[in-house]
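Quick mapping for you: the protein sequence lines, in order, are chains A and B.
Note that this note's numbering has the first sequence beginning at 1, numbered continuously upward.
Note that this note's numbering has the second sequence beginning at 1001, numbered continuously upward.
Using N, Cα and C, we set each Cβ at its ideal position, and we do this for glycine too.
The structure appears right after this line, and notes come after that.
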Amino acid sequence: KQEVTQIPAALSVPEGENLVLNCSFTDSAIYNLQWFRQDPGKGLTSLLLIQSSQREQTSGRLNASLDKSSGRSTLYIAASQPGDSATYLCAVRKETSGSRLTFGEGTQLTVNP
Amino acid sequence: SQTIHQWPATLVQPVGSPLSLECTVEGTSNPNLYWYRQAAGRGLQLLFYSVGIGQISSEVPQNLSASRPQDRQFILSSKKLLLSDSGFYLCAWSVRGGKEKLFFGSGTQLSVL
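Take a look at the structure:
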């Protein structure tokens, strides 16, 4: 059974700092991995999707990397801003799972002005 | 462009009452549709997914059911709500046969009292 772990569970940083969020998964036979952002009481917004054949994806100040063999992904946020404060979730889709995504429990990020 | 609508945003229901949450997708055809639940302090749990009209797969045994009467309409129902049904319910869709990138609705906060 696929398990997804996100460390740390919560993170508080001053504005302007570069930071890294971690995601690990137990079964490396994945189809892709997706990073989401969730604001309190809201739905999830897709940030980046990395196919299993890719090593990284970038969007603006965000960079997500994938090391499939070691079962790890990182989300790098450059020059953090208070507006980045949210919960960040990663989710993996197993190769043979059909439409099933396994989610981590998220990292709650607070960027202080 | 594609949009997903989910309503209501919040709902307070007594134990034993029925439930109907609706989700519709615009701007795409033949989407895969999903219902997730997010309980306080826990990750997202996939409840149901559908690859077509009338085709519903249930992930976990529970007090809920789902239906897809039209291509872009997905309904989550219960005949009698339990206290344990409280949570944040999210509808999502993905392009069938694509990278399965998931797009979420804004969610419904359900409180069963």
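Mind checking which residues open and close the beta strand (DSSP E) that includes residue i?
| i | result |
| --- | --- |
| D1085(B) | Note, D1085(B): premise wrong, no beta strand (DSSP E); not H, not E. |
| S1020(B) | 1019–1026 |
| N112(A) | 107–112 |
| R72(A) | 72–77 |
| K1099(B) | Per DSSP, K1099(B) belongs to no beta strand (DSSP E) and is neither H nor E. |
| Q54(A) | Segment: none, Q54(A) is in no beta strand (DSSP E) and carries neither H nor E. |
| N1032(B) | 1032–1038 |
| R93(A) | 86–94 |
| V1012(B) | 1010–1013 |
| Q1002(B) | Per DSSP, Q1002(B) belongs to no beta strand (DSSP E) and is neither H nor E. |
| V1060(B) | Run containing V1060(B): none; DSSP gives neither H nor E here. |
| Q1109(B) | 1108–1112 |
Mapping DSSP to helix, strand and coil, what is residue i?
| i | result |
| --- | --- |
| D67(A) | strand |
| P1069(B) | strand |
| G1052(B) | strand |
Mark residue i as exposed unless 16 or more other C-beta atoms lie within 10 angstroms of its C-beta, in which case mark it buried.
| i | result |
| --- | --- |
| V1112(B) | buried |
| A1092(B) | buried |
| L999(B) | Look at the range of chain B in this structure, 1001 to 1113, and you will see that residue 999(B) is not part of it. |
| A1066(B) | buried |
| G1087(B) | buried |
| D1085(B) | buried |
| A91(A) | buried |
| N1032(B) | buried |
| I50(A) | buried |
| I7(A) | exposed |
| S1020(B) | exposed |
| T58(A) | exposed |
| S53(A) | exposed |
Under a CB-based cut-off of 8 Å, is residue i close to chain C?
| i | result |
| --- | --- |
| Q1002(B) | Although the question refers to chain C, the structure presented lacks it and instead comprises the protein chains A and B. |
Whole beta strand (DSSP E) elements within the stretch 5–33 of chain A, 3-residue minimum: 10–14, 19–25
Contact residues within the stretch 31–52 of chain A, judged by C-beta distance below 9 Å to chain B: Y31, N32, Q34, F36, Q38, G41, K42, G43, L44, T45, S46, L49, Q51
Chain A contacts made by the stretch 1056–1076 of chain B, where a contact means CB separation under 7 Å: none
Contact set between the stretch 1021–1047 of chain B and chain A, restricted to residues whose Cβ is under 9 Å from the partner: N1032, Y1034, Y1036, Q1038, G1041, R1042, G1043, L1044, Q1045, L1046
Members of the stretch 1091–1106 of chain B that neighbour chain A once the beta carbon cut-off is set at 7 Å: K1099, E1100, K1101, L1102, F1103, F1104, G1105, S1106
Within 9 Å of chain B by C-beta, residues of the stretch 79–108 of chain A in sequence order: L89, A91, R93, G98, S99, R100, L101, T102, F103, G104, E105, G106
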